[in-house]
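Colleague: From first to last, the protein sequence lines stand for chains W and S. The first sequence maps to residues 1 to 233 in the UniProt record's numbering. The second sequence maps to residues 1 to 779 in the UniProt record's numbering. For reference, the structure I am asking about is given below.
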Amino acid sequence: MDTRTVGPLLELNKAVPSFEESGLPPVPFSMRIMPGECVVVEARDASRATMFADMCAGLVPLDDGSVKFMGLDWATLKDREINALRGRIGRITRRPSWPEFLSTHLGIALQQLHHTNRPLDEVVAEASRLSEWFGLPGLPVLRPSMLSDSDLLRAACVRAFLGRPRLLLLEDPLEASPVDLENPFLGAMTDARDKGAGVIWLVRNNAIWQAYRQGVTSMWRLADDGLVAVRTG
Amino acid sequence: MPSDEIIDPTLQHDVSVRRVLLHLVLPLLSLVLGIVAVILIGVHSYRTTRAGVETLTHELLGAVQHYIAQEVSDYIRPALGGNIIASSMIEHVPAGVQERVFYSYGAAMLRSIPQLQSFYLADDQGHFILITRHGKDGKQQERTTLQVHDSRKVFHHDYYTDDGVKVGEADDPAPEDYDPRKRAWYQNTEGTDAIKWTQPFLFPTDKQFVMTSSLRFKGQDGHTLVFATNISLNALSTFLDNIKVGKSGNAIVLDKQGRVMAGRNLMQIAESAGWDPNKMVLDPKTHPVFARGYDHYRVHGLGPRSFTINGKQYVTIAAPLPNSTEGWILLLSAPESDFASFAKQSSQQSLQFAGVIITFSLVLAALLIRQVRRSERSARLLKRQDTQIAHETSAVQQVAATPALFDPANDALVLTEQLAYITNAHRASIWRFLHDGSAMICEDSYDQKQDAHSGGFEMSRSELDEFFKAVEDGEAFTLPNAAIDARTTQFERLVMREIGTHVLAVYPIHGAGGVLGAVVLEDATMAPHLVYFVDLVASIAGMRLMALQGVSSPEDEKASGDDGGFHAALQNAASLPATRFDNMLMHAPEVGGVSSSGIYPAVAVLVITFSDPVVDGEKETEGLLALINQLATEVQRVAQERKLFAVEVAGHRMICMAGCTPDEDPTAVIRMADAALTMRETFMAALAAADLEPVFTMGLDYGAAFGGAVGEDPKVFNLWGQTVSLAELMAQGAADAGTIQVTERVYSALRDRYLFRSRGAFFAPHLGLGRAYVLAARR
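Next up, the structure:
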């Protein structure tokens, strides 16, 4: 029963990010995400949203407190374990982050090929299926720079949902995206949650997630004084 | 961990290694170091003590040697000193008095000094007199003079008592060639005025070893005189024999040729040497220690030596004897243990102490390790308990977070799931009594091994009267083997044997009006420890059952309690109009009971999608067309049998619908489900006969739709709406080929009659979250 995870999936326990390293306000951040939960975090500042996602992924040094993912404190792990643990995170970044020396399909499959011993055929099949799901005619094989923005966004979705991510750090892909991406995105997100993944959906605009409001567990706002819970209703 | 992950970050190898290092290796290492330190200290102490003992032994032996040397010197001093005194006395008296002085001196000396045997006096004219001991005790004296009687040499003996009274005389013929001037004691003083010693010689008659010291001097008359003293070595040997060096050591006197002069067992040595003093040397067989000591002396010279013979340490010391001009050596030997035994005892005691300390250390280390292991075990137990508590908290949270938990219309699958997880049960199920108590219906049953829900089974009181009574008693009970208890034998046979469970725990669900049902756990190992959680779930289930009874009992009666009415409805369906086949399977539209366009409240829609056939060549195409035709014919047959409303064919899809009536038709979905199962079986059989994989999926939904006949000639019936979309979605998204995927609404309507497998929650475009199920079979 490896799908069951005991305790919170991600836990920010009074984590004070280093201001010099991140630009995030050096105030305590506290949040818990259980498996299957979807947390919407409203962040007006895109770079701040990215840094917050970095903090969740253990990329930002802390001045105090701790960030635990699947019960493991990022600060106490060694590089080998940290890297393996990050392999369990699916992420969509606002600023496209693709290695230009690899074709998009390799960029998509790289994470699975690096962290798992799944056969290549299986990974490609899954990536193709996800690509079709996200509205691509197939798995894109051109270089990332040769794809249109919307297609690159779809590819980013495929990359994030490929494999079995335990945590999804999604910097709103729906904003300024084709309308037809919304349903595949929400469907994939629901599917991942059903398999036990936790979702942090960083949005800039509240209107974006209204279609999914019944599925959202909680709502937060990334403000200057840290994370502020927002009542949903 | 997903099995395909290369590195599992949750495994913390180094921590456990560190713990083992800290808890096991470190104490053991400390213990070993402690033991080694004790051993080293013991060895060092032993060596120091041994060195000290050796020094002490040598010193002691040196002291003994001085003492013995002094004794030996004292022993022979009278002979040396006597010669000088006597010669001095004799040379200063007239020749006529010389004999008297000699006898007086000799008698006095023999009386007072026991080791002296006799005295000689000879001159250069061949005169010879002697005085010696006589008698058995040696107290009497014999004075002998060499005389010539009748030109024959005789020894004239006069016998005196100790007091100087003459008691007799005798003559004894002397050898003709006897001349004192030719004796060794006389000759070896030739040309010297120092005291000279002869070789020891034996008197075989009285077995006395005797040595003679002699001194040459001139008398007043100008004649040369030689005075000699015989001293017995037997007494010296007895003296040496009586001296104890240490406990068991002894002493021996050797001359510079290695001949034994005096010492223990002198007679045996003499005997083995054939009474020849020249052959009386040390035999390594009989005197191994002295022989080795003498060898050391010859190599290294005088002084103390240590060596080992037959594994035993010996100490010898060789020292010169003062007052002996002949280069005599005093050799002492003693086992080192005589002096060092206390050191050995001390070492042994140290060793014993070390052994005791090591034993204590081992015991303490064992206790420490045991304690550490116990602590670790406790820590593990605590951790396990923490995990269990976290599990339970998580389960309670999951239950609490379930939306519409108390709404009986909404399936609360989470209850059985969490029950099974938390109590580690093979299967957890919730049963409810029918309102009249005649039967129990399984609301939901979750098999943890299969990760599957099922429900809707029914048990009647006639079959399981004992079990029903036991539940109605309202007392929870747990049986280690349900098969042998009268209350549960039948239940075990009907329900449990299928999955092979044995342990049964039954927790009745109490409501306002009595027992409403029961929570049943099979093979739940943790259930006895988690009664509160089971009670919690039972209470929630109780509220749900209460709500169910309060809200929908009339419907229940109609739906599940009144099978007769339902069968009648099914019978009525026979009067429905004949099936409409449109498009390719089009028949002229029959004008039946339903011809009006509009909204139908309860339509069952079945969408069958086929994947693209791969054809290669005309012959295969013909074969495939024949197969398709066969399938189409079968669909027609089944549709007509089940009185479906219409069947449409469009490309790869086939849409079957039932229940297109203005009034709700509860049988429509049942007929459609039956038709779906029949079609699936038929398709499977036909495809298998044609050696093809099942290439179709089916989706079924049930709900409102709107439709009607469109077009003029021909008029085509069409149906739209969410129900149709969902059915299509179900068909497209079916898990595997050949499966029938249905929506939650179909599951709710049919779960008492059919077996379903949950597939999980899904987000459907425009439809939101929903659960999908796979229709498996009829009950």
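Each residue gets a CB set at the ideal place from its N, CA and C atoms; glycine is no exception. As the structure is a prediction and not an experimental result, all values here were calculated from the model.
1) What ranges does the beta strand (DSSP E) occupy inside the UniProt domain "Guanylate cyclase" (607 to 731) of chain S, keeping only unbroken runs of at least 3 residues that lie completely in it?
2) Taking the Cβ atom as the reference point for each residue, do residue 246(S) and residue 334(S) lie within a distance shorter than 8 Å?
3) Hey, how far is the Cα of residue 727(S) from the Cα of residue 704(S)?
4) Could you work out which residue in 24(S), 216(S), 186(S) is closest to residue 88(S) when comparing CA atoms only?
5) Tell me, to the nearest whole angstrom, how far the beta carbon of residue 159(S) is from that of residue 169(S); I am working on the premise that it is less than 8 Å.
6) Tell me which residue opens and which closes the beta strand (DSSP E) that residue 520(S) is part of.
7) Between residue 488(S) and the rest of its own chain, which residues show a CB-CB distance below 7 Å, the 5 nearest in sequence each way excluded?
8) When DSSP labels each residue in this structure, what does residue 741(S) get in the three-state scheme?
9) By DSSP, does residue 50(W) sit in helix, in strand, or in coil?
10) Answer with buried or exposed for residue 12(W), where buried requires no fewer than 16 other C-beta atoms within 10 angstroms of its C-beta.
11) Taking 8 Å as the threshold (C-beta atoms), are residue 625(S) and residue 690(S) in contact?
12) Which residues does DSSP pair with residue 341(S) in a beta bridge?
13) What residue does the alpha helix (DSSP H) around residue 270(S) start on, and which one ends it?
14) Assess contact between the segment 65 to 85 of chain W and the segment 223 to 233 of chain W, defined as three or more Cβ pairs (one per stretch) separated by less than 8 Å. Is contact present?
15) Have a look at residue 38(S) and residue 374(S) and give me their C-alpha separation to the nearest angstrom.
16) So, do the segment 12 to 23 of chain W and the segment 172 to 180 of chain W have three or more beta carbon pairs nearer to each other than 8 Å?
17) Helix, strand or coil: which one does DSSP assign to residue 263(S)?
18) Quick one: does residue 10(S) have its CB under 8 Å from some CB of chain W?
19) Rank 212(S), 207(S), 315(S), 278(S) by C-alpha distance to the C-alpha of residue 251(S) and give the top, closest one.
20) Measuring from the CB of residue 155(S), is there a heavy atom of the ligand MG at a distance below 7 Å?
21) Which residue from 534(S), 360(S), 306(S) puts its Cα closest to that of residue 425(S)?
22) When you compare the CB of residue 143(W) with every CB in chain S, is at least one pair closer than 8 Å?
23) Starting from the C-beta of residue 188(W), find all residues in its chain whose C-beta is less than 8 Å away, skip the five residues before and the five after it, and write them out in chain order.
24) Compute the Euclidean distance between the alpha carbons of residue 33(S) and residue 309(S), then round it to the nearest angstrom.
25) Using a Cβ-Cβ cut-off of less than 8 Å, give me the residues of the segment 390 to 418 of chain S that come near chain W, in sequence order.
26) Do residue 115(W) and residue 140(W) have their beta-carbon atoms positioned less than 8 Å apart in this structure?
27) Please identify, using Cβ separations under 8 Å, the residues of the segment 57 to 87 of chain W that lie next to chain S, in order along the chain.
28) Quick check on residue 368(S): does DSSP put it in helix, strand or coil?
29) What are the start and end residues of each continuous alpha helix (DSSP H) run of 4 or more residues lying completely inside the segment 218 to 259 of chain S, in chain order?
30) How is the beta strand (DSSP E) around residue 297(S) delimited, first residue to last?
31) For residue 4(S), would you say it is in contact with chain W, using Cβ-to-Cβ distances shorter than 8 Å as the test?
32) With DSSP as the reference, please indicate the residues paired to residue 213(S) in a beta bridge.
33) In the DSSP assignment, find the beta strand (DSSP E) that holds residue 460(S) and state where it starts and stops.
34) Can you give me the C-alpha to C-alpha distance between residue 593(S) and residue 661(S), rounded to a whole angstrom?
35) Nearest-angstrom Cα distance between residue 24(W) and residue 164(W)?
36) Whole angstroms are fine: how far does the CA of residue 522(S) sit from the CA of residue 501(S)?
Modeller: Taking the geometry as given:
1) 646 to 650, 653 to 658, 696 to 710, 716 to 720
2) Yes; because the gap between Cβ atoms is below 8 Å, this pair is in contact.
3) If I take the Cα positions, the gap works out to 12 Å.
4) 216(S)
5) 7 Å
6) Here the beta strand (DSSP E) through residue 520(S) covers 514 to 522.
7) 467, 479, 482, 504
8) In the three-state DSSP reduction, residue 741(S) falls in the strand class (E or B).
9) helix
10) buried
11) no
12) According to DSSP, residue 341(S) bridges with nothing at all.
13) 266 to 272
14) no
15) 29 Å
16) no
17) strand
18) yes
19) 315(S)
20) Summarising the ligand content, the structure contains no ligands, and the ligand MG is consequently not present.
21) Nearest to residue 425(S) by C-alpha distance, out of 534(S), 360(S), 306(S), is 534(S).
22) Not an interface residue.
23) 130, 133, 134, 157, 161
24) 37 Å
25) 390, 391, 394, 397
26) Their beta carbons are not under 8 Å apart, which means residue 140(W) does not touch residue 115(W) by this criterion.
27) 70, 71, 72, 77, 78, 80, 81, 82, 83, 84, 85, 87
28) helix
29) If only uninterrupted alpha helix (DSSP H) runs of at least 4 residues are considered, those enclosed by the segment 218 to 259 of chain S are 233 to 242.
30) Where residue 297(S) is concerned, there is no enclosing beta strand (DSSP E), although the alpha helix (DSSP H) it sits in stretches over 288 to 300.
31) yes
32) 197(S), 229(S)
33) Looking at the DSSP string, the run of the beta strand (DSSP E) that includes residue 460(S) is 458 to 460.
34) Because residue 593(S) carries a pLDDT of 42, less than 50, the predicted location of this residue cannot be relied on, and the following value inherits that uncertainty. Whole-angstrom Cα-Cα distance: 8 Å.
35) The alpha-carbon atoms of residue 24(W) and residue 164(W) are separated by roughly 30 Å.
36) Each residue's Cα considered, the two are about 6 Å apart.
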